[in-house]
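A short worksheet on the structure shown next.
Number of protein chains: 2
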Amino acid sequence: MQNDRRLAVLRAIVEDYVRTEEPVGSKALVERHGLGVSPATVRNDMAVLEEEGYITQPHTSAGRVPTDKGYRLFVDRLTTVKPMSSAEKRAISSFLEGAVDLDDIVQRSTRLLSQLTRQVAIVQYPTLSRSTVRHVEVVALAPTRLLLVLILSTGRVEQRVVELPAEITDEALFDLRSRLNRAAGGQLISAAADELRKAAERMSRADRPAADGGITAVVVEALVEAMSDHRSDERIAVSGTSNLARFGDSFDTAVRPLLEALEEHVVLLKLMGEATAGGLVTVRIGAEGPYQELSSTSVVATGYGPGDEAIATLGVVGPTRMDYPGSMAAVRAVARYLSRILDEA
Amino acid sequence: MQNDRRLAVLRAIVEDYVRTEEPVGSKALVERHGLGVSPATVRNDMAVLEEEGYITQPHTSAGRVPTDKGYRLFVDRLTTVKPMSSAEKRAISSFLEGAVDLDDIVQRSTRLLSQLTRQVAIVQYPTLSRSTVRHVEVVALAPTRLLLVLILSTGRVEQRVVELPAEITDEALFDLRSRLNRAAGGQLISAAADELRKAAERMSRADRPAADGGITAVVVEALVEAMSDHRSDERIAVSGTSNLARFGDSFDTAVRPLLEALEEHVVLLKLMGEATAGGLVTVRIGAEGPYQELSSTSVVATGYGPGDEAIATLGVVGPTRMDYPGSMAAVRAVARYLSRILDEA
DNA sequence: TCTTGGCACTCGCCAGGAATGAGTGCCAGG
DNA sequence: CCTGGCACTCATTCCTGGCGAGTGCCAAGA
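Respectively, the protein sequence lines represent chains P and Y.
Numbering-wise (the UniProt record's numbering), the first sequence opens with residue 1 and increments by one.
Numbering-wise (the UniProt record's numbering), the second sequence opens with residue 1 and increments by one.
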């Protein structure tokens with residue numbers, strides 16, 4: 001019994017603090033939430049909670065503030081996931097509808113997410129690594145210059161221009177194109193690289209090797225490079241930075257490091273962590289993450305992707321004092337819609 | 001004579017204020033800059049400058065601060081453009097070298113610019129509107145589904161997937177591709193749209209109209225739409241937002257509106273204004289611009305593009321109290337290098 | 001006519017100190 | 001185990017006086 005009430009007190013503290021951003025005292029607590037006990041009782045509970053490290057007081061004569069550990073307990077045990085209202089659902093659909101291409105989809109998603117949560121939203125572009133090659137197109141820009149276009153199952157298109165060591169005929173170009181597609185089409189990009197290399201070897205052996213003049217090798221290398229190019233994996237869209245204004249105080253200790261992190265996409269990816277599939281939302285609170293400069297920020301993230309496979313992450317970053325239930329619901333909802341769109345595409 | 005000295009005083013005030021961010025008094029001025037006159041004289045000059053509206057004092061017993069008008073005079077008449085040091089030049093080259101595609105070039109440029117100026121840097125992607133069509137590629141993803149790839153002279157690639165009203169044969173596809181390229185290849189995109197429409201009409205008339213089944217019309221419309229898609233025109237890369245921390249005070253009045261503007265790309269473009277060609281750098285100071293929320297920010301921008309044609313803008317945004325000569329030099333230098341890279345491409 | 005030193009004056013900024021009040025911890029009684 | 005009461009702590013706020021940077025003006029000198 002008393003334990004349940006202590007948890008209720010913790011929950012109330014978290015909720016109030018998130019809303020008011022001020023240390024919350026025993027009296028106000030009892031008044032606002034119908035706890036049905038006196039302030040003194042709550043004070044005893046708070047003393048215990050403080051001893052156990054869930055809350056703390058910034059100075060002696062102040063109210064209590066949740067610690068990271070307190071938030072952790074809150075999200076782990078006290079969060080009742082409130083589903084999105086139907087109005088919100090409608091907003092999401094209409095917001096994501098009418099997207100014309102992948103870029104657009106991702107960008108709309110960040111905007112949406114930042115608006116829903118009033119935090120900074122981050123959406124990683126679908127990763128190459130688990131996607132398959134849908135098509136390879138080769139276009140002659142000039143006799144010794146080819147444009148390679150690599151189309152992946154996620155809808156991503158990678159392009160490269162290569163200079164050839166020799167001129168290429170229309171016939172050879174046609175031949176090359178069909179061979180490339182036979183070798184790589186439908187393959188996972190990891191496998192496709194190998195297949196392409198094998199095919200290249202075969203071609204330079206079997207086909208009039210003199211005529212090829214190393215063209216195949218050049219083209220294949222460019223394609224392989226395009227596939228393994230991690231830069232693309234790291235592409236990220238960010239939105240809602242103006243919500244950082246809501247951080248309140250502590251520009252230098254909280255906002256500035258975050259702004260810096262937001263520019264370092266690699267850092268961001270690490271921060272969001274591994275994509276978790278199946279509607280599971282990961283919450284990282286304060287110093288739990290890898291960067292202690294960001295000890296006053298939390299991350300709420302999840303994976304998304306076609307099918308139930310998580311091929312990329314998306315989430316929000318905000319102060320540890322944030323609306324976890326709301327953010328988790330929004331993140332999950334957006335991930336779900338996004339996955340569905342990728343399914344259809 | 002006295003006029004020259006007054007200008008020197010103004011320049012000194014601007015320089016000192018930019019450096020220290022504090023109102024500058026007559027005594028300190030005489031000490032730091034070798035003005036060769038007494039503080040009292042400087043005071044008289046300052047009184048005149050204030051009367052003319054070039055400087056102002058935040059409160060009675062404080063030093064002077066330049067007004068927007070003062071900054072304006074400063075950049076118009078008192079700025080000696082300091083060329084980049086050779087070290088900086090080298091840094092620029094090495095920073096921009098090794099870029100693999102247009103996205104990369106633009107992103108590197110923003111980073112570079114924000115590092116050089118320690119401000120927020122903005123680079124607009126090269127606009128479609130003045131570029132020409134280099135190639136149109138058509139790929140069959142399925143019997144009734146085509147991927148259209150539009151390659152422009154700026155290196156931009158636009159893609160669209162279209163659903164066809166009827167199946168298309170390989171032969172017809174080949175035919176379509178060559179016709180599209182004959183019609184649009186090398187044209188300005190404004191002209192290309194017309195040419196494509198004309199070609200579509202010709203085709204549906206001359207060729208077995210039954211077999212076409214509206215395919216040409218669908219494809220052409222998608223291409224035209226891709227070309228005129230203004231969303232692409234508005235693409236922008238931003239970097240250096242963490243430099244906003246250097247704004248000092250006034251988060252709400254200065255930084256927050258700016259953060260909001262940075263997310264509204266349309267606003268940003270308006271802010272940067274028309275691209276000016278030929279190494280001319282535009283400076284907009286404080287409230288001179290279209291947004292009075294941004295009255296404490298200045299913009300230093302210029303156009304860039306292959307040849308001497310400005311097809312896009314780039315620049316930095318910062319507090320009115322910023323290092324104008326330095327920023328102008330950096331903006332100009334980056335624009336120049338960027339133009340050169342586009343020339344080569 | 002311009003420059004200069006002197007001088008009185010203004011006013012923002014910065015301790016120091018007292019009043020305020022929210023909030024706590026503890027204790028004794030129900 | 002809960003509750004009311006009470007003394008205590010301490011951050012915050014407000015006020016005040018002193019300090020000093022900086023100014024404007026004036027009269028004298030070049």
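We treat Cβ as the ideally placed atom computed from N, Cα and C, and that holds for glycine.
Legend entry - Euclidean distance between Cα positions of Ala301 (chain P) and Pro23 (chain P): 27 Å
Legend entry - Under 9 Å between C-beta atoms of Leu116 (chain P) and Ile92 (chain P): yes
Legend entry - Contact with chain Y by Thr241 (chain P), beta-carbon distance below 9 Å: For Thr241 (chain P), a Cβ of chain Y is located within less than 9 Å of the residue's own Cβ.
Inset, instruction - May I have the straight-line CA-CA distance separating residue 351 (chain P) from Ala62 (chain P), to the nearest angstrom? - result: What is shown of chain P runs 1 to 345, which leaves residue 351 (chain P) out entirely.
Legend entry - Reduced DSSP secondary structure (H/G/I, E/B, other) of Tyr71 (chain P): helix
Inset, instruction - Report the neighbours of His135 (chain Y) on chain P: residues whose CB is nearer than 8 Å to its CB, in chain order. - result: Val139, Leu141 and Leu147
Inset, instruction - Mind reading off the beta-carbon distance from Ile189 (chain P) to Thr132 (chain P)? Whole number of angstroms is fine, and I expect it under 8 Å. - result: 7 Å
Inset, instruction - Could you tell me if Glu158 (chain Y) is buried or exposed, where buried requires 16 or more neighbouring beta carbons within 10 angstroms of its beta carbon? - result: buried
Inset, instruction - Examine chain P for any beta-carbon lying closer than 9 Å to the beta-carbon of Ala210 (chain Y), and answer yes or no. - result: Reliability of the predicted coordinates at Ala210 (chain Y) is poor, the pLDDT of 49 falling under 50, and the value obtained from them is presented with this limitation in mind. Ala210 (chain Y) does not count as touching chain P.
Inset, instruction - Report all residues from its chain with a CB closer than 6 Å to the CB of Glu137 (chain Y); omit the five preceding and five following residues, and keep chain order. - result: Val149
Inset, instruction - Let me know if His230 (chain P) comes out buried or exposed under the rule of 16 or more other beta-carbons within 10 Å of its beta-carbon. - result: Here His230 (chain P) scores only 49 on pLDDT, less than 50, and its place in the model should not be relied on; the value that follows carries that caveat. The residue in question, His230 (chain P), is exposed, as its Cβ has fewer than 16 Cβ neighbours within 10 Å.
Legend entry - Residues from the stretch 290–308 of chain Y in contact with chain P, defined by Cβ distance under 9 Å: none
Inset, instruction - Go ahead and pull the three-state DSSP assignment for His33 (chain Y). - result: Looking at His33 (chain Y) - three-state DSSP - the assignment turns out to be coil, as it is neither helix nor strand.
Inset, instruction - Please classify Gly186 (chain P): is it buried, with 16 or more other beta-carbons within 10 angstroms of its beta-carbon, or exposed? - result: exposed
Inset, instruction - Pull out every residue of the stretch 254–273 of chain P whose Cβ sits closer than 8 Å to any Cβ of chain Y, in chain order. - result: Val255, Arg256, Leu259, Glu260, Leu262 and Glu263
Inset, instruction - Over the uninterrupted alpha helix (DSSP H) stretch that includes Ile236 (chain P), give me the two end residues. - result: Careful: Ile236 (chain P) lies outside any alpha helix (DSSP H), inside the beta strand (DSSP E) at Ile236 to Ser239.
Inset, instruction - From the DSSP output, in three-state form, read off Tyr337 (chain P) for me. - result: helix
Legend entry - Endpoints, the beta strand (DSSP E) within which Gln124 (chain Y) is located: Val120 to Gln124
Inset, instruction - Keeping to the same chain, check which residues put their C-beta closer than 7 Å to that of Arg332 (chain P); ignore five residues upstream and five downstream. - result: Gly279, Val281 and Thr302
Legend entry - Residues bridged to Tyr304 (chain P) [DSSP beta-bridge criterion]: P:Ala312
Legend entry - Leu294 (chain P) classed as buried or exposed, judged by whether at least 16 other C-beta atoms fall within 10 angstroms: buried
Inset, instruction - Name, please, each residue of chain Y whose Cβ falls closer than 7 Å to the Cβ of Phe251 (chain P). - result: Ala245 and Phe251
Inset, instruction - Kindly identify the DSSP beta-bridge partner or partners of His59 (chain Y). - result: None, per the DSSP bridge assignment.
Legend entry - Residue range of the alpha helix (DSSP H) that includes Arg177 (chain Y): Asp170 to Ala184
Inset, instruction - Answer with yes or no whether the minimum CB distance from Asp343 (chain P) to chain Y is below 9 Å. - result: no
Inset, instruction - Please compile the residues from chain P whose C-beta is within a distance smaller than 9 Å of the C-beta of Val157 (chain Y). - result: Leu147, Val149, Val157 and Gln159
Legend entry - Any 3 or more C-beta pairs closer than 8 Å across the stretch 51–71 of chain Y and the stretch 10–25 of chain Y: yes
Inset, instruction - Would you mind stating whether Gly289 (chain P) and Leu271 (chain P) have Cβ atoms separated by less than 9 Å? - result: yes
Inset, instruction - Kindly give me the distance between the Cβ atoms of Thr320 (chain P) and Gly286 (chain P), rounded to whole angstroms, as I take these residues to be in contact under 8 Å. - result: With 8 Å as the limit, Thr320 (chain P) and Gly286 (chain P) qualify as a contact, their Cβ atoms being about 5 Å apart.
Inset, instruction - Determine the DSSP secondary structure at Leu78 (chain P), reduced to helix, strand or coil. - result: Three-state result, Leu78 (chain P): helix.
Legend entry - Beta-ladder partner(s) of Gly318 (chain P), from DSSP: Gly318 (chain P) pairs with P:Ser298.
Inset, instruction - Check distances from the C-beta atoms of the stretch 97–124 of chain Y to those of chain P and list, in chain order, the residues that come in under 9 Å. - result: Val100, Asp101, Asp103, Asp104, Arg111 and Ser114
Inset, instruction - Out of P:Thr154, P:Phe74 and P:Ser239, point me to the one whose CA is closest to Arg127 (chain P)'s CA. - result: For the record, residue 127 (chain P) in the displayed sequence is Thr; it is not Arg. With distances taken between Cα atoms, Thr127 (chain P) lies closest to P:Thr154.
Legend entry - Burial state of Pro165 (chain P), where buried means 16 or more other Cβ atoms lie within 10 Å: exposed
Inset, instruction - List the endpoints of the continuous beta strand (DSSP E) containing Thr127 (chain Y). - result: Run containing Thr127 (chain Y): none; DSSP gives neither H nor E here.
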